[in-house]
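Below is one structure, written out as C-alpha cells; comments come after it.
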Amino acid sequence: MILQIALDTPVRHVFDYLPPVDASGEAPKPGVRVRVPFGRRQLIGVLVGIAQGSRVPSAKLKAAVDIMDEEPVFDPVTFELLRWAADYYHHPLGEVIAAALPVALRAGQAANDVVETWTLSDAGRRELQSPTARRAPRQRALMLWLAERGRATADDVAAAFKLAHLKALAARGWAGAVRITPEPAGFELRPSEVTLTDQQGLVVDAIAASLGRFAAHLLYGVTGSGKTEVYLRVIAAAIAGGGQSLVLVPEIALTPQLVERFRRRFSAGVAVLHSALSGTARRDAWRAAHSGQARILIGTRSAVFTSLPRLALIVVDEEHDASYKQHEGFRYSARDLAVWRAQRAQVPIILGSATPSLETLENVAQARYSKLVLPQRPGAARAPRLALVDLRKHAGEQGLSQPAMHAIARHLTAGGQVIVFLNRRGYAPSLFCNACGWVAPCAHCDARMTLHRRAAQLRCHHCGAAGPVPSTCGSCGQPLNPVGQGTERVEETLARLFPDAPLARLDRDTAAGRGAIEAVLHRVHSGEARILIGTQMLTKGHDFPDVSLVVILDADQGLFASDFRATERLAQTITQVAGRAGRAARPGEVIIQTEFPEHPLLTRLITDGYEGFAASALEERRKAEWPPYSRLAMLRAEAKDSLGLNAFLSSAAALGASLADASIKILGPATALIARRADHFRAHLLIETAARSSLQRFLARWLPQVETLDGPPGLRWSIDVDPLEVD
Ligand code: ADP
Ligand code: ZN
Ligand code: ZN
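In my numbering, the protein residues as written are 391 to 1117.
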C-alpha cells in the first residue's frame, strides 16, 4: 500500500510514502493528515490517494511517521473542491491544501475541538448519598452542583467555586475529568426589527424555495436596498433544519457592522475567519465550522475552502469585488469557486451586488443564474442625482472645481455630510522640476515616487521603497514642485476652504494600525466629521445615512487605461461611491469631475445607470472577444535580466504554438504596465481562447513543458487562469 501525500511545496506532483511501521493495516481515509520524513525535516501533509504501486523504487520509499487523524479534516465536497481548484488553476495541490488549513492545523494541532469537563465519579456519588467526610460544606456544595449539572468545565466551576475545592474532590477520587467534543453552541434566532417590503418578501421566498438544490441567484440591489436583510432571512431558513451557511465578504475590517448584525440576529452560532485574526482565533473558527458548531461562517476569500459538513447555503456579498481574486501565489477566484462548491454540494448561492460583474450579468443573460432585483431603498430614501462637471471649463483649486466647491458649501450649510473620493493616496503623485522637467523616480521601478508630505517622505507605491524628500532637482538643482493630487493634499485644500468643517480621511495611510479604520468610521457615524475624504476603501458597504453629497474628483483615471476591465471597474466605483449619498431622508447629489464629459461610458452611466452601462460594455466585450466571451490565462514572468526574460517568454510562446490547436491564441511577450518593479523586469504572455475546456487542455499540456525551459537566474513565473488584470 502506497500513501500519496500532498505536501506544502511548490512541486506539482504528490509524494509517495509507505504506511507508518506500526500501522494497523487498515487503509487510512483520504483527507487525513500524515506526518512524513522530508529531507532532514518532518512535514505534515494530507493523504490524497492510496495506490498499489509507485514509480519510486521501493528501496527509496520511506515510511510515513504517523497518521494524525482518524477522520478527514475536510468534508467531502471541500476536499473535492481543493483538488478541482488545484487542477483548474494549475497550482500545486500541496500549496492549495495549505491555503485551506489554518497554521495551527498544519502544525499538527487537533482538528476537533475537545474540552475537559468534570463529573462526579461513582465514589463521589456514593459519598454524596452517605457522607463519610465532615465539615467541608463548600466541597459538598460543589458535589451537589456537579451532580445536578452532570458535567462542567473548570471555567464553569471557577465561576461559582474555588478550583481548590475541585482539586480536593479529585484528590479523594470523587470527581474526575473527561475530554469530550462540545455540543453545538446553543444559538437562538432573534426576530428582525424590520418588516420585509413586498419586494424583499418575494426575493426571500424565491431563494428559500431553492434550498436543498443548486441554484445561483444574482441579488441585484443598490446599497441600502435591503440585501443584507434578505441574506439574514434566507440564512435563518437554511439553518433552521440544522444546516450551515457560508457568507463571503470582501474585507471584514471594512465592514465591522455586518458581523455585528449577524451576531445580533444569530447569537452564538456565528464564526468569523479572516487574515487579521490571531492563529488561535483562526483555529477555533475553523474547528467550529468543521465540527458543525458554527452555523454561520463569515469570512474573506480563503474561507471558501473551510470544511462545512452541513453546508446549506452560500452568500457572496459584493460579488463584483476584486478582492475575491487572489493576486499572488495560488491565484484563485473565491467567487467562482463558491459557485462550483454550491453546485457540487447541491445548495443555492446568492451573489449580491449593486454593480454586478459583467461575467455574472452574462450568466444571467444565459439563464444560468436567476436575477432577483431590489430596486428601491426602504422608506423615504431615493436614488441620488448624478451630474458631470467639465474640468476643462471650470477652473478650481487643487483639483476641486468651482461647482464642486459650491455644492460642498451648500450641503454643509444644510447640515449634510460630504464624501470626497479620490483613488490616490499620498500628497502628490509626482515631484516635478519646472525648470528642466525632471520627475523624482523610484530607483527600483519604472515609476514615479509619490510625495507623502506629513511623513516627509517620497514613497514608491509599487515596491514600497521610501526615502527623504529632496529639496532641489536631482538634475539641475532648481526647486521642486508637487504636481497633482492625492488624498492628503485634498484634505489640506478642504481644510483651507472649509475651516469650520471637521475632516476625516480614509485610505491605507490613515487605516494602518489596529482600530484605525473603526476610529475613522466612528467619527463619521457620530456626525463629528462633516467631510470624509477617501480612496477605494470608501466604496465598500458602509452605511452613512447623513451623507448627502459625493464628489468624485477624478473619473478619468479609468477611462483610458489599457486593461479591458478598467471601464467596468470605473463604473462600479462611481456607482458604489455614489450609493453613499442620500441613504436616509436627505436627497442625495453626486458630482463627477472629468475632462471628458462626452465620453460614451460616462454619459451612458449618467442616463441609464449601471445596468445601461453594463449592456454597452458587454456589447463591446463581445465585439472585441474579451471575457465573458472568451477565456484567458496569463503567464507572467519577472527577472533582473530583461533579455533573458524575453528569451524565456519567447521560447514558452514558441513551445505553446507547437502544442496549440487553431482555437488557441498566444499573444506576447508583452511588457507589463510597470515594466520594472523592485529591480525586476516584468513581461507576460496572454493565452486566449473561446472555450474553457480547450484552454484547460492546452494548459495541461503546455505548463509541464514550460517548467523544463531554461530561464535567466532568479526567474520567477506564474500562471493566472481567468486573470482579473491583464496589464
Ligand atoms: P444592503 O445590504 O443592500 O446595503 P441593508 O439590508 O443593510 O441593505 O439595509 C439597509 C438599511 O435599511 C438597514 O439599516 C436596514 O436595517 C434597513 N432595512 C432593510 N430592510 C428593511 C425593511 N424591510 N424595512 C425597513 N428598513 C429596512
Ligand atoms: Zn531640474
Ligand atoms: Zn519602486
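Don't be surprised by glycine CBs; every beta carbon is placed ideally from N, CA and C.
All values reported here derive from a predicted model rather than from experimental measurement.
Short Cβ contact (8 Å threshold) for residue i with residue j
i, j, result
"Ala-1050", "Phe-1003", "no"
"Gly-857", "Leu-848", "yes"
"Asn-1036", "Ala-1073", "yes"
"Val-436", "Arg-423", "yes"
"Tyr-1081", "Arg-1021", "Reading off the sequence shown, one finds Ala at residue 1081, where the question assumed Tyr. Going by C-beta atoms, Ala-1081 is nearer than 8 Å to Arg-1021."
"Ala-565", "Thr-522", "no"
"Met-839", "Ala-830", "yes"
"Gln-788", "Val-880", "yes"
"Gln-966", "Thr-750", "no"
"Val-705", "Phe-604", "no"
"Ile-457", "Pro-420", "no"
"Ala-919", "Pro-889", "no"
"Leu-534", "Leu-518", "yes"
"Ile-981", "Ala-658", "no"
"Ala-542", "Leu-536", "yes"
"Leu-1039", "Leu-1057", "no"
"Leu-741", "Ala-606", "yes"
"Ile-395", "Val-404", "yes"
"Ile-570", "Val-660", "no"
"Glu-1028", "Lys-1055", "no"
"Ala-666", "Ala-684", "no"
"Ala-475", "Val-486", "yes"
Nearest-angstrom Cα separation, counted from residue j out to residue i
i, j, result
"Arg-691", "His-717", "12 Å"
"Phe-822", "Gln-875", "13 Å"
"Thr-948", "Cys-863", "Note on identity: in this sequence residue 948 is Gly, with Thr being the wrong assignment. When rounded, the distance between both Cα atoms is 31 Å."
"Arg-782", "Ile-964", "20 Å"
"Thr-984", "Cys-832", "29 Å"
"Ala-449", "Gln-442", "16 Å"
"Arg-895", "His-912", "12 Å"
"Leu-1085", "Gly-415", "42 Å"
"Ala-548", "Ala-679", "28 Å"
"Leu-939", "His-664", "33 Å"
"Ser-723", "Gly-429", "34 Å"
"Pro-410", "Arg-677", "27 Å"
"Ile-688", "Arg-651", "12 Å"
"Leu-764", "Gly-905", "33 Å"
"Ala-561", "Val-624", "52 Å"
"Arg-775", "Ala-1047", "52 Å"
"Ala-500", "Ser-681", "12 Å"
"Ala-971", "Asp-933", "9 Å"
"Ser-511", "Ala-558", "13 Å"
"Ala-567", "Ala-526", "21 Å"
Neighbour-count burial assignment, residue i, 16 or more Cβ in a 10 Å radius
i, result
"Cys-835", "buried"
"Asn-753", "buried"
"Thr-997", "exposed"
"Gln-807", "buried"
"Gln-634", "buried"
"Leu-992", "buried"
"Ala-1042", "buried"
"Glu-1009", "exposed"
"Val-1096", "buried"
"Gly-484", "buried"
"Asn-813", "buried"
"Leu-701", "buried"
"Ala-554", "exposed"
"Gly-614", "buried"
"Cys-866", "exposed"
Distance cut-off 7 Å: residue i Cβ against heavy atoms of ligand 5
i, result
"Gln-1095", "The ligand content of the structure shown is limited to ligand 1, ligand 2 and ligand 3, which means ligand 5 is not among them."
Residues sharing a beta bridge with residue i, DSSP
i, result
"Phe-822", "Val-829, Asn-871"
"Ile-739", "Ala-606, Ile-704"
"His-932", "DSSP lists no partner for His-932."
"Thr-840", "Arg-849"
"Gln-983", "Val-779"
"Lys-715", "Ser-723"
"Gln-394", "Asp-406, Gly-439"
"Ser-1108", "Arg-1026"
"Pro-427", "Gln-432"
Item to check | Every unbroken alpha helix (DSSP H) inside the region 517 to 587 [4 residues or more] | outcome: Listed in chain order, they are 527 to 539, 544 to 550, 553 to 561.
Next on the checklist: For a minimum of 4 consecutive residues, which ranges assigned as the alpha helix (DSSP H) are wholly contained in the region 1000 to 1025?
Outcome noted: Here no run is fully enclosed.
Item to check | alpha helix (DSSP H) segments (min. 4 residues) lying fully within the region 718 to 787 | outcome: Those alpha helix (DSSP H) runs which fall completely within the region 718 to 787 and span 4+ residues are 724 to 735, 748 to 755.
Checklist entry - Taking only runs of the beta strand (DSSP E) that begin and end inside the region 1041 to 1091, which ones reach a length of at least 3 residues, in chain order? => result Taking 3 residues as the minimum length, the beta strand (DSSP E) runs contained wholly in the region 1041 to 1091 are 1055 to 1067, 1070 to 1079, in order along the chain.
Next on the checklist: Ignoring anything shorter than 4 residues, give me the alpha helix (DSSP H) runs that lie fully in the region 869 to 921, in order along the chain.
Outcome noted: Listed in chain order, they are 877 to 887, 906 to 915.
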